[in-house]
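Trainee:
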Amino acid sequence: MSSKKTKNIYLLYLWKKIRDMKIRTKLTVYLVMVAVVCSAAIGGTSYVTMRNTLIDTVEDTAISLLKQAGIQMEDRIREFQDASYSFGNAEELRAIYEGTGEESTPWEYSLNKQRLTVSFLMHPVLHDYAKAVILENGDGKIYFYDQDPKNNKMTEEKAGEMTEKFRDCVSNTNPIQWIKEEDRVYFVRKIMNHQGGKRIRTLGTAVFEMDSDFFDLEYDHNPYVSGDNVVIAGEKGDIFQNNLLSLEEKSLSPYLHYKEGNYYVYSARRKLNGLEYQVIPLRTAEFHWNMICFIPYSVILEKAGQVIPRVLFTTFVFLAAGLLLGMVIYRSIKKNLEIIEKGMEQYETGNYSALLTPAVYDEIGCLILQFNHMGLKIDELNQLARKEEEEKQELQYQILEAQINPHFLYNTLGALKWLAYEKGQDEIAKLADAIISLLRFTVKNANQEILLSAELESIKNYLYIQKARYDDAFREEFEVTEEAEHFRILGFLLQPFIENSILHGLDTARNDGVIRITGRVRENTLILSVEDNGKGMTEEERNRLLEKIRQNRTEKYKGFNGIGIINIILRQKLVYGEGFRYEIDSEPGKGTRITLMIPERERTEHEEACIDRRR
75 MSSKKTKNIY
85 LLYLWKKIRD
95 MKIRTKLTVY
105 LVMVAVVCSA
115 AIGGTSYVTM
125 RNTLIDTVED
135 TAISLLKQAG
145 IQMEDRIREF
155 QDASYSFGNA
165 EELRAIYEGT
175 GEESTPWEYS
185 LNKQRLTVSF
195 LMHPVLHDYA
205 KAVILENGDG
215 KIYFYDQDPK
225 NNKMTEEKAG
235 EMTEKFRDCV
245 SNTNPIQWIK
255 EEDRVYFVRK
265 IMNHQGGKRI
275 RTLGTAVFEM
285 DSDFFDLEYD
295 HNPYVSGDNV
305 VIAGEKGDIF
315 QNNLLSLEEK
325 SLSPYLHYKE
335 GNYYVYSARR
345 KLNGLEYQVI
355 PLRTAEFHWN
365 MICFIPYSVI
375 LEKAGQVIPR
385 VLFTTFVFLA
395 AGLLLGMVIY
405 RSIKKNLEII
415 EKGMEQYETG
425 NYSALLTPAV
435 YDEIGCLILQ
445 FNHMGLKIDE
455 LNQLARKEEE
465 EKQELQYQIL
475 EAQINPHFLY
485 NTLGALKWLA
495 YEKGQDEIAK
505 LADAIISLLR
515 FTVKNANQEI
525 LLSAELESIK
535 NYLYIQKARY
545 DDAFREEFEV
555 TEEAEHFRIL
565 GFLLQPFIEN
575 SILHGLDTAR
585 NDGVIRITGR
595 VRENTLILSV
605 EDNGKGMTEE
615 ERNRLLEKIR
625 QNRTEKYKGF
635 NGIGIINIIL
645 RQKLVYGEGF
655 RYEIDSEPGK
665 GTRITLMIPE
675 RERTEHEEAC
685 IDRRR
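According to this note's numbering, the sequence shown is numbered sequentially starting from 75.
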């Protein structure tokens, strides 16, 4: 036998062993494999994912901080430029601008210089962010104020050189300019006076030597965005504030190209001086200054080195917890399976009413609850089947008791009727005749559709019998149109309502009872009502009756034909559907009126044939 075939047989045998292992063994092996594989996979994946996530987080944080720094820098620029405008147009400097054209005396020069100092100090923004200010009036006279004691003290000669250098950098059309000169930043403003219309008068030129505090960021303690790693440059790339890399203007050129001139922020990975940096350039929206952040990758990965061990430790902790949880879940599954097995053994003995309690309410626990529900349902069906069998036997007894030939009753009552006539008892003969007609109507028209006129004839016989029984305690009134009498209805429609009025509505001890039956046809609908002047119903009794009808609750009624008014209404709803409507109006002491609205029904050919045969 070849080694390959032997190997295949061994693998097949091993697979069969694994397949037939107990669930507990399978779950244990599975959990161990998950622990080993997941530990290796999660360890490597966690490091790579965490490193990339941290880089993305640092990038997003740096972009957000850089945008805020850009907004703050623009606010500071705007504030300083506004303050310089206010300074240049201050009232106390008017004497400097309105020179006489003659050489001023030392006292006048000193006085004007003092005015310059006072005006400068009156603008906090200027003396917070500017080391010195130089002001040249229209006559070319130069005044200056130097507030930085560390600065090489400004001299009149130096002030004149600076003014000469920057005077032509501004004009009436471009009155302000930020300039870098020998690692220093200057702000130059041409001071003008608008005299109405388009007339502009040049008053002089102001030059401010900026302090490095002007470019300080508020994120100096942030490891990603601070003065140490952010370069601030002008619109053309002049570096106003350098960082620890000490870059030159030409080094910034790759980061000053913007897509179609639009302002946006992007991130790029660059290598400078042998080290890798995450570079994030930003151009401010209004003044178009450039702010470029250089974040060393060593800083980013230093954070990763602190986080990754914690992630790995947490991963192993969760793996251990997962193994423990898996064992707990297995035990709960095992308990529920044992409960189901016990329940099935009880069902085998025919005990379906025993309820099982799940160990835990998971899917198998819910299955046990369904198992209980199924058992109760089976038990309920068994009881229902036994009850139906008992009722069936009872019905058979009733049928046997009721198996009396109706013709025997007709003949017997007929003999009684003629005997009454022979004896001169006309009332008894008429009563027997009414009973014979009522019985014949009952046998012939059960569950049949008849004319309302036939129903009314039967009702008259019924009322004649009841009046004889109660000694004419009530009288009847019929108000039925001819069109209504030819309307087809189901047999035994009115008798239960009239019987209900006699038994429960009228006071038969008195002789003032009235039962009124009205009928008319309107828009192919028979409107039929039975009304009495009896004791009526309370609102609570009426609502209880309506609720029984709404719930389709049939009733057992011990009347003439065993059919109550609820069954009659439900029967009409079943036959006529939504077209059938009814109203029950009653008031205590005034009587009850029940109105039935029966639509004209289209009959099938079979029903028409049955009607023709009955005719």
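Ideal Cβ positions, reconstructed from N, Cα and C, are used throughout, including at glycine.
Being a predicted model, the structure only gives us computed values, none of them experimental.
Roughly how many angstroms separate the alpha carbons of F566 and L577, rounded to a whole number?
Mentor: The straight-line gap from Cα to Cα measures roughly 17 Å.
Trainee: With distance defined between alpha-carbon atoms, name the residue in G651, I137, A233 and N626 nearest to R357.
Mentor: Of the listed residues, the one whose Cα sits closest to R357 is I137.
Trainee: Checking the sheet assignment: what are the DSSP bridge partners for I369?
Mentor: Answer is Q352.
Trainee: With DSSP run on the structure shown, which of helix, strand or coil describes L291?
Mentor: Note: L291 maps to coil in three-state DSSP.
Trainee: Just to confirm, is the Cβ distance from F288 to R150 under 8 Å?
Mentor: Contact flag set, yes.
Trainee: Using three-state DSSP, classify G587 as helix, strand or coil.
Mentor: Looking at G587 - three-state DSSP - the assignment turns out to be strand.
Trainee: Contact check, A280 vs G162 under 8 Å by CB: the rounded distance?
Mentor: A280 to G162, Cβ: 6 Å. Contact.
Trainee: Could you tell me the boundaries of the beta strand (DSSP E) in which W252 lies?
Mentor: Where W252 is concerned, the enclosing beta strand (DSSP E) stretches over I250 to E255.
Trainee: Work out the CA separation of K91 and I83 for me, nearest whole Å.
Mentor: The alpha-carbon atoms of I83 and K91 are separated by roughly 12 Å.
Trainee: Under the rule that 16 or more other beta-carbon atoms within 10 Å means buried, what is I478, buried or exposed?
Mentor: Confidence is the limiting factor: at I478 the pLDDT is only 44, short of 50, which leaves the residue's position unreliable, though a coordinate-based value still follows. Burial call: exposed.
Trainee: Within a Cβ cutoff of 7 Å, which residues of the same chain sit near L455, ignoring the five residues on either side of it in sequence?
Mentor: So the list is empty, once near-sequence residues are dropped.
Trainee: Using only CA atoms, which one of P673, E463 and E573 lies nearest to N550?
Mentor: The displayed chain sequence assigns Glu, not Asn, to residue 550. Minimum Cα distance to E550 is reached at E573.
Trainee: So, at 6 Å on beta carbons, what are the nonlocal neighbours of E360 in its own chain, with the 5 sequence-adjacent residues on each side left out?
Mentor: Same-chain partners within the cutoff: E148.
Trainee: Assuming the contact rule is C-beta atoms closer than 8 Å, D606 and T666 should be a hit. Round their C-beta distance to whole Å, please.
Mentor: 6 Å between Cβ atoms; contact.
Trainee: Can you tell me whether E283 is buried or exposed, with buried defined as 16 or more other CB within 10 angstroms of its CB?
Mentor: The residue is buried, with at least 16 neighbouring Cβ atoms inside 10 Å.
Trainee: Mark C440 as exposed unless 16 or more other C-beta atoms lie within 10 angstroms of its C-beta, in which case mark it buried.
Mentor: That one is exposed.
Trainee: Pull up the distance between the alpha-carbon of Y538 and that of M448, whole angstroms please.
Mentor: Their Cα atoms are separated by approximately 57 Å.
Trainee: Can you look up Q477 in the DSSP assignment and give me helix, strand or coil?
Mentor: Low confidence applies here, because Q477 scores a pLDDT of 42, under 50, leaving its location unreliable; read the following figure in that light. In the structure shown, Q477 sits in coil (DSSP, three-state: anything other than H, G, I, E or B).
Trainee: Which residue wins for smallest C-alpha separation from S372, given the options H362, E292, P297 and I354?
Mentor: Per the Cα distances, P297.
Trainee: Please report how far the alpha carbon of P443 lies from the alpha carbon of A395, in whole angstroms.
Mentor: At residue 443 the sequence reads Leu, which differs from the Pro that was named. Their backbone Cα atoms lie some 30 Å apart in a straight line.
Trainee: Under 8 Å, do I170 and N186 count as touching if we go by C-beta distance?
Mentor: Yes, these two residues count as a Cβ contact at 8 Å.
Trainee: Can you give the Cα-Cα distance for D222 and K254, rounded to whole angstroms?
Mentor: Taking the straight line from one Cα to the other gives about 19 Å.
Trainee: Here's a check: name, in chain order, each residue in its chain whose Cβ is nearer than 7 Å to the Cβ of L195, leaving out the five neighbours to either side.
Mentor: Result list for L195: H201, in chain order.
Trainee: What does DSSP give as the partner residue(s) for K264 in the beta ladder?
Mentor: Answer by DSSP bridge pairing, in chain order: T279.
Trainee: Hey, quick one: how far does the beta strand (DSSP E) through S603 stretch, first residue to last?
Mentor: Its beta strand (DSSP E) spans residues T599 to D606.
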